[in-house]
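**Student:** What follows is a structure written as structure tokens; I'll ask about it next.
Chains as they are written, first to last, in the working numbering: chain A, 1 to 168; chain B, 169 to 667.
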């Protein structure tokens, strides 16, 4: 879930028009170092100390942004901020993210077909498809685009069949 | 059931499975982020509409009540057992509704229209949304046809017409439900379908009501919608709307429907519970801001349709319970202003033995006058004034020996009228009996009858009319007009009986 606060931080980050590279490297650095994250999240550690750590580790622009978040005790929602930022970037660049859960991995041609379907339906230029194996589907796949779920799996068909049989 | 054999079931199942077509299922899903007290906050479902039905993982349904930036607030219509943070929620793209059919008559159902009387499933003919727009101005017709309650004090002074909304208001234990029950019992053979909606009542009370209705043969044309005190606040909230949806189904067939909401104070309380849990701002008495609209949109659906639109009607008898006779509390004033009149019941009168304990001064019927039969109008013309005069002079009763003849007569007449208006439970009076008794009272027939003997006197008098002068009764019932000759004849017979 993305809170409104995270969306607000993300909007500000986007408006700073930073280089994609610097945002990505900062994100990786923070998310891969739990100790660093703990320091920045910790309200007991003084602002000056956090600032000096940020100054050493990050570029100037992204550093000042992180300082503001730290000052407002917002580092605990940093992951949410990054998710919201990604959404905003996608929105502005006419891109869309989707997730595909499968039992048997579809071949490249099928994947391309799925991407084309999303591209046409949502009128976007580029589609980022996250792939995920889910054995419980038995067969077929489930595609998630935003709130909408396209279920073409055996598991889904079975539960739907169960519903129709019970209703009769 | 015994005719169905195992092989048949298996073959049906097999053919169902063989014919099953695999297709892509498209669903809009959200995720529960918090749940408790019958309220679920769901993340996602961006396109969900206000009032839409959503389905949870366990099959339980809910109604969308709050739309926020990233989340929606839903009220659950069933148990939250098995639902956790992270459970999936699916949009149904349908509004909440109840299944309706003619087979509902004689049944007891819950707020969702499912039977709870153990008499088996009810086959639905249609599905009516619980929230429906009230008929517009052009589709309505004025209220002109009376709906007899069989209660002399109401039919004579505060008549109710088909399509009217008459509030029954009073403290606890003043006979509010009894009036509604008598009105239902009196509809036997009148081609009126009655719906009793119990909101937040004890299950034992509802059972008692169903028993009373069955005993008097009233279940043959009645439906009971029950949402008892143990039900979720959301179910208590939708119960009157469900009842009205059922009433609308019959009204659209051109039938007359009488619906009793027992009671709307508890309905407001259930809505307050729900609203506070949904974190809506509390207002006066902690009710939310739209508590007026809650009842106005419900009662506005009662009306009499024009013949072009089927000509059916919904007459509503909402009930409100006051605390210590306080009519100026929030909910009572709201509902008084919405309805077309009120019958105010008073504890003091009730305990003084005046039952039904109708307060003549504070009760009113704003549209019923046009719906009264001519005979009743003429017979009951001076009744309210006579009673008002009596109440004014009542304080002087203690000086009875020193009073002049006219004052004494006025007091005696008043006393006899009060005695006349007393009526036992479940004993509705037919129109002719009401008219004859009122004509006799107006002509001071009961003046010299001792109060204690009044009850036997009037029943003997009515027996006398029924056995010897049945033609008079027939004339009132068929023509529904009270001519001067008829009055003369009624008085003559009464005097003859007295001798």
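Each residue gets a CB set at the ideal place from its N, CA and C atoms; glycine is no exception.
Please read these numbers as outputs of a predicted model, since none were measured by experiment.
Among B/324, B/271, B/259, B/293, which residue has its Cα nearest to the Cα of residue 129 of chain B?
**Tutor:** The displayed coordinates of chain B run from 169 to 667. Any statement about residue 129 of chain B would go beyond what the structure contains.
**Student:** What are the residues of the stretch 208 to 221 of chain B that lie near chain A, defined by any Cβ-Cβ distance shorter than 8 angstroms?
**Tutor:** Within the stretch 208 to 221 of chain B, the residues whose Cβ lies closer than 8 angstroms to some Cβ of chain A are 211, 212, 213, 214, 215, listed in chain order.
**Student:** So, is the C-beta of residue 101 of chain A closer than 9 angstroms to a C-beta in chain B?
**Tutor:** It does not: the Cβ of residue 101 of chain A has no partner Cβ on chain B nearer than 9 angstroms.
**Student:** Along chain B, which residues have their Cβ under 8 angstroms away from the Cβ of residue 150 of chain A?
**Tutor:** Simply 192, 193, 194.
**Student:** Using a beta-carbon distance below 9 angstroms, is residue 169 of chain B in contact with chain A?
**Tutor:** Since pLDDT at residue 169 of chain B reaches only 49, below the 50 mark, its modelled position is unreliable, and the value read off the structure follows with that caveat. Cβ-Cβ to chain A under 9 angstroms: no for residue 169 of chain B.
**Student:** Classify residue 220 of chain B as buried or exposed, calling it buried when 16 or more other Cβ atoms lie within 10 Å of its own Cβ.
**Tutor:** Buried: at least 16 other Cβ atoms inside 10 Å.
**Student:** From which residue to which residue does the beta strand (DSSP E) around residue 390 of chain B run?
**Tutor:** 390 to 396 is the span of the beta strand (DSSP E), which, as asked, contains residue 390 of chain B.
**Student:** Under 9 angstroms between C-beta atoms, does residue 157 of chain A make it to chain B?
**Tutor:** True, the Cβ-Cβ gap to chain B drops below 9 angstroms.
**Student:** According to the neighbour-count rule (16 or more other Cβ atoms, all chains shown, within 10 Å of its Cβ), is residue 100 of chain A buried or exposed?
**Tutor:** Residue 100 of chain A should be labelled buried.
**Student:** Does the distance from the CB of residue 209 of chain B to the CB of residue 252 of chain B come in under 9 angstroms?
**Tutor:** Cβ distance not < 9 angstroms, so residue 209 of chain B and residue 252 of chain B don't count as in contact.
**Student:** Does residue 146 of chain A have its Cβ less than 9 angstroms from a Cβ in chain B?
**Tutor:** Yes, residue 146 of chain A lies at the interface with chain B (some Cβ there is under 9 angstroms from its Cβ).
**Student:** Per DSSP, what are the beta-bridge partners of residue 533 of chain B in this structure?
**Tutor:** Answer by DSSP bridge pairing, in chain order: B/509.
**Student:** Compare the C-beta of residue 186 of chain B against all C-beta atoms of chain A and say whether one is closer than 9 angstroms.
**Tutor:** Residue 186 of chain B does not count as touching chain A.
**Student:** Taking residue 484 of chain B as the reference, give the member of B/235, B/330, B/313, B/452 with the closest Cα.
**Tutor:** Minimum Cα distance to residue 484 of chain B is reached at B/330.
**Student:** Apart from the five residues on each side of it in sequence, which residues of its chain come closer than 8 angstroms, Cβ to Cβ, to residue 260 of chain B?
**Tutor:** Cβ within range, chain order: 220, 221, 222, 223, 229.
**Student:** Select from the stretch 228 to 246 of chain B all residues with a C-beta closer than 7 angstroms to any C-beta belonging to chain A, and list them in chain order.
**Tutor:** So the list reads 237, 238, given in the order they occur along the chain.
**Student:** Per DSSP, what kind of secondary structure is residue 445 of chain B in: helix, strand or coil?
**Tutor:** Reduced to three states, the DSSP call for residue 445 of chain B is helix.
**Student:** What residue does the alpha helix (DSSP H) around residue 38 of chain A start on, and which one ends it?
**Tutor:** Start and end: 34 to 41.
**Student:** Take every Cβ of the stretch 432 to 449 of chain B, pair it with every Cβ of the stretch 303 to 310 of chain B, and state whether three or more of those distances are shorter than 8 angstroms.
**Tutor:** Contact fails: fewer than three Cβ-Cβ distances are below 8 angstroms.
**Student:** When the Cα atoms are used, what is the spatial distance from residue 657 of chain B to residue 497 of chain B?
**Tutor:** Roughly 49 angstroms separates the two Cα atoms.
**Student:** Leaving aside the five residues before and after residue 409 of chain B along the sequence, list all residues of the same chain whose C-beta is less than 7 angstroms from its C-beta, in chain order.
**Tutor:** The answer, listed in chain order, is 298, 299, 466.
**Student:** Would you check if the distance between the CB atom of residue 616 of chain B and the CB atom of residue 585 of chain B is smaller than 9 angstroms?
**Tutor:** No. Outside cutoff.
**Student:** Which of helix, strand or coil does DSSP assign to residue 472 of chain B?
**Tutor:** Strand.
**Student:** Quick one: give me the first and last residue of the beta strand (DSSP E) that residue 482 of chain B is part of.
**Tutor:** Where residue 482 of chain B is concerned, the enclosing beta strand (DSSP E) stretches over 481 to 489.
**Student:** Return yes when the Cβ of residue 6 of chain A is within less than 9 angstroms of the Cβ of residue 81 of chain A, no when it is not.
**Tutor:** Going by C-beta atoms, residue 81 of chain A is nearer than 9 angstroms to residue 6 of chain A.
**Student:** Is the Cβ of residue 7 of chain A closer than 9 angstroms to any Cβ of chain B?
**Tutor:** True, the Cβ-Cβ gap to chain B drops below 9 angstroms.
**Student:** Helix, strand or coil for residue 292 of chain B, going by three-state DSSP, please let me know.
**Tutor:** Reduced to three states, the DSSP call for residue 292 of chain B is coil.
**Student:** From the DSSP output, in three-state form, read off residue 95 of chain A for me.
**Tutor:** The answer is strand: DSSP assigns residue 95 of chain A an E or B state.
**Student:** Classify residue 172 of chain B as helix, strand or coil using the three-state DSSP reduction.
**Tutor:** DSSP places residue 172 of chain B in coil when its eight states are reduced to three.
**Student:** Do you know offhand how far residue 169 of chain B's Cα is from residue 641 of chain B's?
**Tutor:** Below a pLDDT of 50, predicted positions are generally treated as unreliable, and residue 169 of chain B, at 49, falls in that range; no measurement from the model is reported.
**Student:** What do you reckon, are the CB atoms on residue 47 of chain A and residue 193 of chain B nearer than 9 angstroms?
**Tutor:** No.
**Student:** What does residue 197 of chain B touch in chain A if you count any residue whose Cβ is under 7 angstroms from its own?
**Tutor:** Here the neighbours are 147, 149.
**Student:** Using 9 angstroms as the limit for Cβ to Cβ distance, is residue 181 of chain B near chain A?
**Tutor:** Yes, because at least one Cβ of chain A sits closer than 9 angstroms to the Cβ of residue 181 of chain B.
**Student:** Would you mind working out which of A/19, A/103, A/114 sits nearest residue 97 of chain A, comparing C-alpha positions?
**Tutor:** Cα-wise, what sits closest to residue 97 of chain A is A/114.
**Student:** With contact counted as at least three CB pairs below 8 angstroms, one residue from each stretch, are the stretch 47 to 65 of chain A and the stretch 85 to 97 of chain A in contact?
**Tutor:** No: the two stretches stay apart, fewer than three of their Cβ pairs being nearer than 8 angstroms.
**Student:** Would you mind telling me which residues of chain B sit closer than 7 angstroms to residue 160 of chain A, beta carbon to beta carbon, in chain order?
**Tutor:** Within 7 angstroms Cβ-Cβ: 193.
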